[in-house]
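Engineer: After the structure tokens below, expect a handful of questions from me.
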Amino acid sequence: MLSDEGYIIENLFHIPDKDGNDVPFKLNPAQRHLDENWGGRDIIPKARQEGVSSYILARYTAACLKKRNVRAVVISHDQESTQRMLQKVKYFLREIRGPQAQISNMSANLIGLPKMNSTFYIGTAGSRKFGRGDTISHLHCSEYAFWPNAKELMTGLVQAVPLSGELAIESTGNGMGNDYHGRCMRAYEEKG
51 MLSDEGYIIE
61 NLFHIPDKDG
71 NDVPFKLNPA
81 QRHLDENWGG
91 RDIIPKARQE
101 GVSSYILARY
111 TAACLKKRNV
121 RAVVISHDQE
131 STQRMLQKVK
141 YFLREIRGPQ
151 AQISNMSANL
161 IGLPKMNSTF
171 YIGTAGSRKF
181 GRGDTISHLH
191 CSEYAFWPNA
201 KELMTGLVQA
211 VPLSGELAIE
221 STGNGMGNDY
231 HGRCMRAYEE
241 KG
């Protein structure tokens, strides 16, 4: 059964297919598995082209549309990926099926949804200190294995997410011994 966010994604959002056509966003098997097993504190080892990042971006966009006072933050490993993710969120909002969301304060890194008093920020790891004074209700750490100073950055970020918030850490692998690898191994051991 789909979550509320999954329902919004499948019924309101479009996504470009591999040929560049605008099509309704229907969750693929990997995305559906994520949606059905979302725990709120998720570490996701991923393969390329499964749509994991697209799902999380859509999930957090849906959260901004359905719930008041959402502070969604996505941190990517490099500037190019950050811009692609921002464009994807803008696309979801621009191509929504149904009434257009009221958007304000759309900048190079921030999208404001004033009717819901929600914001969506997308940034690059290391470009801003997060966690000091920030409360982040939805945090997506993308390609975490490739972040510079990942462990140091994550310390402040995790403290900024309340227990009622969502934290998703996803990445393709980048060798053994880094903080992402350690987090994956601990999660695997805890799950049994």
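Under the numbering used here, the letters of the sequence shown match residues 51 to 242, in that order.
Note that the Cβ used here is the ideal one computed from N, Cα and C, for glycine as well.
It should be emphasised that the depicted structure is a prediction, and the values quoted were computed from it without experimental measurement.
#1: At 3 residues or longer, and completely inside the stretch 106-190: list those beta strand (DSSP E) runs for me, N to C.
#2: Please state whether DSSP places Glu202 in a helix, a strand or coil.
#3: Can you find the residues in the same chain that come closer than 8 Å, C-beta to C-beta, to Ser214, ignoring five residues on each side of it along the sequence?
#4: If the criterion is Cβ atoms closer than 8 Å, does the pair Glu193 and Ser126 meet it?
#5: Taking the C-alpha atoms as reference points, what is the distance between Asn199 and Gly176?
#6: Mind checking which residues open and close the beta strand (DSSP E) that includes Arg91?
#7: Here's a check: name, in chain order, each residue in its chain whose Cβ is nearer than 8 Å to the Cβ of Met135, leaving out the five neighbours to either side.
#8: Apply the 10 Å Cβ neighbour rule to Arg121 and answer buried if 16 or more other Cβ atoms are within range, or exposed otherwise.
#9: If you follow the beta strand (DSSP E) that Ala218 is part of, which residue opens it and which one closes it?
#10: What does a CB cutoff of less than 8 Å around Asn159 pick up in its chain, not counting 5 residues either side in sequence?
#11: Can you tell me whether DSSP reads Pro79 as helix, strand or coil?
#12: Quickly, what does DSSP pair Ser192 with across the bridge? List them, please.
#13: Counting C-beta neighbours from all protein chains within 10 Å, is the total for His83 16 or more, i.e. buried, or is it exposed?
#14: Does DSSP classify Val73 as helix, strand or coil?
#15: Would you mind giving the Cβ-Cβ distance between Ala218 and Ile65, rounded to the nearest angstrom? I have them listed as a contact below 8 Å.
#16: Using the C-alpha atoms, what's the distance from Lys68 back to Glu216?
#17: Could you check if Arg233 is buried or exposed, using at least 16 other CB atoms within 10 Å of its CB as the buried criterion?
Structural biologist: In short:
#1: Here the runs fully enclosed are 121-126, 160-163 and 168-174.
#2: helix
#3: Ser187
#4: Ser126 is positioned such that its CB atom lies closer than 8 Å to that of Glu193.
#5: Near 8 Å, if we compare the C-alpha coordinates of Gly176 and Asn199.
#6: Arg91 to Pro95
#7: Ser103, Leu107, Val124, Ser126, Ile172 and Ser192
#8: When all chains shown are included, Arg121 counts as buried.
#9: Glu216 to Ser221
#10: Contacts found: Thr132, Leu136, Tyr171, Ile172 and Gly173.
#11: Collapsing the DSSP output to three states places Pro79 in a helix.
#12: Glu220
#13: exposed
#14: strand
#15: Not really, about 18 Å apart at Cβ, beyond 8 Å.
#16: 29 Å
#17: buried
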